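Novice: Starting off with a structure, shown below.
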Amino acid sequence: MANIEHDKLAKRIQEFRTQAELDHLQASSNVGTSISAVGMNGVGMSSCKNIEAIMQSATKGGVQTIKQGYLLKRSSSLRADWKRRFFVLDSYGTLFYYRHKGTKPVVCYCFSAVVD
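Using full-length UniProt numbering, you'd call the opening residue of the sequence shown number 1 and step up by one each time.
This is the structure:
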């Protein structure tokens, strides 16, 4: 029973830290995004339609950046800290993430293969 309570407390502490970091990042940026207008994935409903249109038009032309910016990524370590990473989603459905903006990508995921 004590382990369950300890796990719940640890989870609440981590959620608080994550929310505090998000609040800090939002306050430090000049983006005036309303939380109610943004879905759980961080993309507003009208943005989803725009992203789909850009991805479909990308088959005719060059690659475009759909979204880019800083996100929090949970580490795989035992402490499971949250790391701030720079992400770029392009019109081919490829998601790149970088440890620091302007450096070589750490990981690249292709979502167009998953969607098709």
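All C-beta atoms, glycine included, are put in the ideal place defined by N, C-alpha and C.
This structure is a prediction, so every number in the text was calculated from the model and none was measured.
1. When DSSP builds the beta bridges, which residues end up paired with Leu-95?
2. Is Val-107 near Asp-90, with beta carbons less than 8 Å apart?
3. Could you give the C-beta distance for Leu-95 and Phe-87, rounded to a whole number, given that I count them as a contact under 8 Å?
4. Cβ atoms of Lys-67 and Lys-83: under 8 Å apart, would you say?
5. What residues are listed by DSSP as bridge partners for Leu-72?
Specialist: If we stick to the structure as given:
1. As a position in the sequence shown, residue 95 is number 95, starting the count at 1. For Leu-95, DSSP records a beta bridge to Leu-89 and Tyr-109.
2. Within the sequence shown, residue 107 is the residue found at index 107, counting from 1. Within the sequence shown, residue 90 is the residue found at index 90, counting from 1. Not in contact: Val-107 and Asp-90 (Cβ atoms no closer than 8 Å).
3. One-based indexing of the sequence shown puts residue 95 at position 95. One-based indexing of the sequence shown puts residue 87 at position 87. Confirmed, Cβ separation roughly 6 Å.
4. If you number the sequence shown from 1, residue 83 lands on position 83. If you number the sequence shown from 1, residue 67 lands on position 67. Taking 8 Å as the cut-off, the Cβ atoms of Lys-83 and Lys-67 do not count as close.
5. On the sequence shown, residue 72 is found 72 positions in, with the first residue counted as 1. BP columns for Leu-72 point to Arg-84.
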